[in-house]
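K.L.:
Protein sequence lines, in the order shown, are assigned to chains A and B. Going from the first sequence to our numbering is simple: count from 1 and add 103. Going from the second sequence to our numbering is simple: count from 1 and add 103. Here a beta-carbon is modelled for each residue, glycine too, at the ideal position from N, C-alpha and C. Below is a structure I'd like to ask you about.
Protein chains: 2
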Amino acid sequence: MALVTIDDIFDAAARIDGLVLRTPLVGNQRLSEEFGTRLLLKAENLQHAGSFKVRGALNALLTWQERGELPEGVVSFSAGNHAAAISYAGRRLGVRVIVAMPSDPVPSKVANVERFGGEIVRTDDLAGTLDELAEQHGFPILHPFDLPEVIAGQGTTGLELCADGPSPDLVLVPVGGGGLLSGVAAAVRKLAPSARVVGVEPATSNAMGQALAAGEVVRIGNPSATVADGLSAPFSGEHTLPHVQAYVDEVVEVDEDAIRAAWRELVESSKLLVEPASAVCLAALRTGVVEAPEGGVTVLVVSGGNADLSRLG
Amino acid sequence: MALVTIDDIFDAAARIDGLVLRTPLVGNQRLSEEFGTRLLLKAENLQHAGSFKVRGALNALLTWQERGELPEGVVSFSAGNHAAAISYAGRRLGVRVIVAMPSDPVPSKVANVERFGGEIVRTDDLAGTLDELAEQHGFPILHPFDLPEVIAGQGTTGLELCADGPSPDLVLVPVGGGGLLSGVAAAVRKLAPSARVVGVEPATSNAMGQALAAGEVVRIGNPSATVADGLSAPFSGEHTLPHVQAYVDEVVEVDEDAIRAAWRELVESSKLLVEPASAVCLAALRTGVVEAPEGGVTVLVVSGGNADLSRLG
Numbered sequence: 104m105a106l107v108t109i110d111d112i113f114d115a116a117a118r119i120d121g122l123v124l125r126t127p128l129v130g131n132q133r134l135s136e137e138f139g140t141r142l143l144l145k146a147e148n149l150q151h152a153g154s155f156k157v158r159g160a161l162n163a164l165l166t167w168q169e170r171g172e173l174p175e176g177v178v179s180f181s182a183g184n185h186a187a188a189i190s191y192a193g194r195r196l197g198v199r200v201i202v203a204m205p206s207d208p209v210p211s212k213v214a215n216v217e218r219f220g221g222e223i224v225r226t227d228d229l230a231g232t233l234d235e236l237a238e239q240h241g242f243p244i245l246h247p248f249d250l251p252e253v254i255a256g257q258g259t260t261g262l263e264l265c266a267d268g269p270s271p272d273l274v275l276v277p278v279g280g281g282g283l284l285s286g287v288a289a290a291v292r293k294l295a296p297s298a299r300v301v302g303v304e305p306a307t308s309n310a311m312g313q314a315l316a317a318g319e320v321v322r323i324g325n326p327s328a329t330v331a332d333g334l335s336a337p338f339s340g341e342h343t344l345p346h347v348q349a350y351v352d353e354v355v356e357v358d359e360d361a362i363r364a365a366w367r368e369l370v371e372s373s374k375l376l377v378e379p380a381s382a383v384c385l386a387a388l389r390t391g392v393v394e395a396p397e398g399g400v401t402v403l404v405v406s407g408g409n410a411d412l413s414r415l416g
Numbered sequence: 104m105a106l107v108t109i110d111d112i113f114d115a116a117a118r119i120d121g122l123v124l125r126t127p128l129v130g131n132q133r134l135s136e137e138f139g140t141r142l143l144l145k146a147e148n149l150q151h152a153g154s155f156k157v158r159g160a161l162n163a164l165l166t167w168q169e170r171g172e173l174p175e176g177v178v179s180f181s182a183g184n185h186a187a188a189i190s191y192a193g194r195r196l197g198v199r200v201i202v203a204m205p206s207d208p209v210p211s212k213v214a215n216v217e218r219f220g221g222e223i224v225r226t227d228d229l230a231g232t233l234d235e236l237a238e239q240h241g242f243p244i245l246h247p248f249d250l251p252e253v254i255a256g257q258g259t260t261g262l263e264l265c266a267d268g269p270s271p272d273l274v275l276v277p278v279g280g281g282g283l284l285s286g287v288a289a290a291v292r293k294l295a296p297s298a299r300v301v302g303v304e305p306a307t308s309n310a311m312g313q314a315l316a317a318g319e320v321v322r323i324g325n326p327s328a329t330v331a332d333g334l335s336a337p338f339s340g341e342h343t344l345p346h347v348q349a350y351v352d353e354v355v356e357v358d359e360d361a362i363r364a365a366w367r368e369l370v371e372s373s374k375l376l377v378e379p380a381s382a383v384c385l386a387a388l389r390t391g392v393v394e395a396p397e398g399g400v401t402v403l404v405v406s407g408g409n410a411d412l413s414r415l416g
């Protein structure tokens, strides 16, 4: 299977230019001092619709439009961020969006989808409902992570973090289905070849780790609940797995207590509202499962900000 | 009394360059759509020590150092942000910092001061305790707002917001003692002469409004409690009042319910952790006491991010 290249990512960047925010790379002095590394946050929580997901969604729809294949509607599944992103992109391009979401989603994520006119179908079987929706409506699937166009779009996050700051020595990326990790790793591998790229996933929702161990995609069904709801993918992808195998140094796991503690710490120290999924990278540093390069540059990709405020207090 | 000029602010910017963050001007699409204006946030919550206050603190100490008058220690009073800022600046320059703070401060603000080695004296009489500390230690007062060097330092916030974004039509600034408003207004008046500059203060802590009405400084003693703790100044200043009279179009008030609602809304829509004091500007737009320029550019100065997370939920 052909992997997404740096040229695909540059093309994606040109395609979505002006439609997405070039989010800031925010320094974090407190964490930098504590870890003895220059720690920077790529703040995709500030992105339109509240997460990096608009990058891939827009790149996919615009690519289809260029080919004269823009559909009337698309279907997908999502914990919420991809749903909001494709709703956002769909509204922009006049494409109807129908998306399967968990039966107990984060309320702010539902509001975010509805704000952009997306249609939500709640379900306890995301993958099954997706297939039903695709058949029922005859719309193509705009997959949350397992499409080359989506991976290339998410990769623009990696382009920007390499271009806008000092050359990174370590890049940490949250992992659900692996779309963000695949794209960022493809970009960083080329633009900062000596950097380590490490993916971090919740121990209770480790589809990528299981796939790497098995050497093939593993369907873990509905993963156990994780506070990092954005990372509860039921499987890694046929496309994302080979990208991770080719471009990523390591995928590690963190437990729920570590994610919860890191979530509060990241919000308080960075002054950014981030969602729990974005805290797994700090949790990996805190638990010591990943070591920060002393005197080097560490970039944490902050994937989104659609958090439930009532759970922060 | 001579007012701070644009040249003083440019000098301050050169003096503190590299020691403060040039904070991003963050777009807010949701609020922009709702108010029909291009709404931008000058995100000083991301500043070192969590607020704009380091600008003035560093400019004052560095100015004194240039004159060969750097003291061994300084005293001051503060709800917490100025205390953290002078502790930060003091640590940098080897100056001891002793600061009077309210007896029931926001816990994260205490932690912030202690982190930088500041010494806290808790009191219910900030102004009285300040005088005692100054006499006891023989240290000069590094006033939280009523010093030209502090006003010029805070004014660098105004320089940056004019330089880094589209020319503003309206700039909204939170008001406690008026140091930030004075400095920002001095900068904006010169760099974007047609912009309206409006200060916003809590109705329960309106020292500046009272001073403007009376035409002189009014000591309101200890102001009533406001959720916007950073704005509870016991008086406007001998220096800040004439700046506001000369440079500011209007100072308006917002009530506590409006501040609380705006606080949550600002955090959720911006994905920035801001403190309640920073929400008064959005409260002013929401209550209609200030109207956003339709089709124009509105900048809200987000003063700080040292918030108590447990009160957000």
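Using beta-carbon positions only, say whether residue 382 (chain A) and residue 369 (chain A) come within less than 7 Å of one another.
P.N.:
Contact: yes.
K.L.:
Are the CB atoms of residue 253 (chain B) and residue 159 (chain B) within a distance shorter than 7 Å?
P.N.:
Yes, Cβ-Cβ distance for residue 159 (chain B) and residue 253 (chain B) is below 7 Å.
K.L.:
Measure the CB-CB distance between residue 214 (chain A) and residue 188 (chain A) and report whether it falls below 7 Å.
P.N.:
Against a cut-off of 7 Å, the Cβ pair of residue 188 (chain A) and residue 214 (chain A) comes out as no contact.
K.L.:
Closest Cβ-Cβ distance between residue 374 (chain A) and chain B: below 7 Å?
P.N.:
Yes, residue 374 (chain A) counts as interfacial toward chain B.
K.L.:
Out of B:306, B:376, B:173, which has the shortest C-alpha to C-alpha gap to residue 390 (chain B)?
P.N.:
Measuring from the Cα of residue 390 (chain B), the nearest candidate turns out to be B:306.
K.L.:
Would you check if the distance between the CB atom of residue 416 (chain B) and the CB atom of residue 415 (chain A) is smaller than 7 Å?
P.N.:
Cβ atoms of residue 416 (chain B) and residue 415 (chain A): closer than 7 Å.
K.L.:
Please report the residue range of the beta strand (DSSP E) in which residue 406 (chain B) lies.
P.N.:
Taken as a continuous stretch (DSSP letters only), residue 406 (chain B) belongs to no beta strand (DSSP E), as it is neither H nor E.
K.L.:
Any Cβ of chain A within less than 7 Å of the Cβ of residue 258 (chain B)?
P.N.:
Output row for residue 258 (chain B): interface = no.
K.L.:
Closer than 7 Å, CB to CB, is residue 127 (chain B) near chain A or not?
P.N.:
Taking Cβ atoms only, chain A reaches closer than 7 Å to residue 127 (chain B), which makes this a yes.
K.L.:
I need the boundaries of the alpha helix (DSSP H) containing residue 169 (chain A), first residue and last residue.
P.N.:
Counting along the chain, the alpha helix (DSSP H) containing residue 169 (chain A) begins and ends at 156–169.
K.L.:
When burial is assigned at 16 or more other CB atoms within 10 Å of the CB, is residue 281 (chain A) buried or exposed?
P.N.:
Per the 10 Å Cβ criterion, buried.
K.L.:
Can you grab the Cα-Cα spacing for the pair residue 367 (chain A) / residue 297 (chain B), in whole Å?
P.N.:
Cα to Cα, residue 367 (chain A) sits roughly 42 Å from residue 297 (chain B).
K.L.:
Determine contact between the region 271–278 of chain A and the region 395–405 of chain A, defined as no fewer than three beta-carbon pairs at a distance below 8 Å.
P.N.:
These segments touch.
K.L.:
Given that a residue counts as buried once 16 or more other Cβ atoms are within 10 Å of its Cβ, and exposed if not, what is residue 110 (chain B)?
P.N.:
Classification for residue 110 (chain B): exposed.
K.L.:
Out of A:303, A:363, A:360, point me to the one whose CA is closest to residue 387 (chain A)'s CA.
P.N.:
The shortest C-alpha separation from residue 387 (chain A) is found at A:303.
K.L.:
Does residue 185 (chain A) get closer than 7 Å to chain B when you measure Cβ to Cβ?
P.N.:
It does not: the Cβ of residue 185 (chain A) has no partner Cβ on chain B nearer than 7 Å.
K.L.:
What's the C-alpha gap between residue 257 (chain A) and residue 310 (chain B)?
P.N.:
Between residue 257 (chain A) and residue 310 (chain B), the C-alpha separation is close to 50 Å.
K.L.:
For residue 413 (chain B), is the classification buried or exposed, using 16 other Cβ atoms within 10 angstroms of its Cβ as the cut-off for buried?
P.N.:
Per the 10 Å Cβ criterion, exposed.
K.L.:
Along the beta strand (DSSP E) that carries residue 225 (chain A), what are the first and last residues, could you check?
P.N.:
Segment 222–226, the beta strand (DSSP E) holding residue 225 (chain A).
K.L.:
Using 7 Å as the threshold, is the C-beta distance between residue 105 (chain A) and residue 255 (chain A) below it?
P.N.:
Result no, Cβ atoms of residue 105 (chain A) and residue 255 (chain A) do not sit closer than 7 Å.
K.L.:
Start and end of the beta strand (DSSP E) containing residue 322 (chain B)?
P.N.:
Looking at the DSSP string, residue 322 (chain B) is not in any beta strand (DSSP E), and its letter there is neither H nor E.
K.L.:
When the distance is taken between beta carbons, is residue 320 (chain A) closer than 7 Å to residue 237 (chain A)?
P.N.:
Not a contact, by the Cβ cut-off of 7 Å.
K.L.:
Decide if residue 349 (chain B) is buried, meaning its Cβ has at least 16 other Cβ atoms within 10 Å, or exposed.
P.N.:
It is exposed - the Cβ of residue 349 (chain B) has fewer than 16 other Cβ atoms within 10 Å.
K.L.:
Quick test of the definition: if touching needs 3 or more C-beta pairs under 8 Å, does the region 190–206 of chain A touch the region 119–131 of chain B?
P.N.:
Touching, no, given that fewer than three Cβ pairs across the two stretches are closer than 8 Å.
K.L.:
Looking at chain B, which residues of the region 145–166 of chain A have a Cβ within less than 9 Å of any of its Cβ atoms?
P.N.:
Residues passing the 9 Å Cβ filter: 146, 148, 149, 150, 151, 152, 153.
K.L.:
Consult DSSP for residue 113 (chain B) and reduce its assignment to one of helix, strand or coil.
P.N.:
Correct three-state label for residue 113 (chain B): helix.
K.L.:
Use the C-beta contact count for residue 136 (chain B): other C-beta atoms within 10 angstroms, 16 or more gives buried, fewer gives exposed.
P.N.:
Exposed, because fewer than 16 other Cβ atoms sit within 10 Å of the Cβ of residue 136 (chain B).
K.L.:
Can you tell me whether DSSP reads residue 381 (chain B) as helix, strand or coil?
P.N.:
Residue 381 (chain B): helix per DSSP, three-state reduction.
K.L.:
Alpha carbons only, please: which of B:205, B:183, B:112, B:141 is nearest the one belonging to residue 166 (chain B)?
P.N.:
Answer by Cα proximity: B:112.
K.L.:
Can you check whether the C-beta of residue 412 (chain B) is within less than 7 Å of a C-beta belonging to chain A?
P.N.:
So yes, residue 412 (chain B) belongs to the interface.
K.L.:
Between residue 312 (chain B) and chain A, is the shortest Cβ-Cβ distance under 7 Å, so that the two count as touching?
P.N.:
No, its Cβ sits nowhere closer than 7 Å to a Cβ of chain A.
K.L.:
Just list the residues that DSSP pairs residue 179 (chain B) with in beta bridges.
P.N.:
The partner list for residue 179 (chain B) (beta bridge, DSSP) reads B:202.
K.L.:
Considering only residues of the same chain and omitting the five flanking positions on each side of residue 81 (chain B), which have a CB-CB separation below 7 Å?
P.N.:
In the structure displayed, chain B extends from 104 to 416; residue 81 (chain B) sits before or after that span and is not available.
K.L.:
Cα-Cα, which of B:343, B:393, B:371, B:266 is closest to residue 107 (chain B)?
P.N.:
Checking every option, the nearest Cα to that of residue 107 (chain B) belongs to B:343.
K.L.:
When you compare each of A:183, A:143, A:243 to residue 126 (chain A) by their alpha carbons, which one comes out closest?
P.N.:
Comparing Cα-Cα distances from residue 126 (chain A) to each of A:183, A:143, A:243, the minimum goes to A:143.
K.L.:
Counting contacts by CB-CB distance shorter than 7 Å, is residue 143 (chain A) in contact with chain B?
P.N.:
Taking Cβ atoms only, chain B never reaches closer than 7 Å to residue 143 (chain A), which makes this a no.
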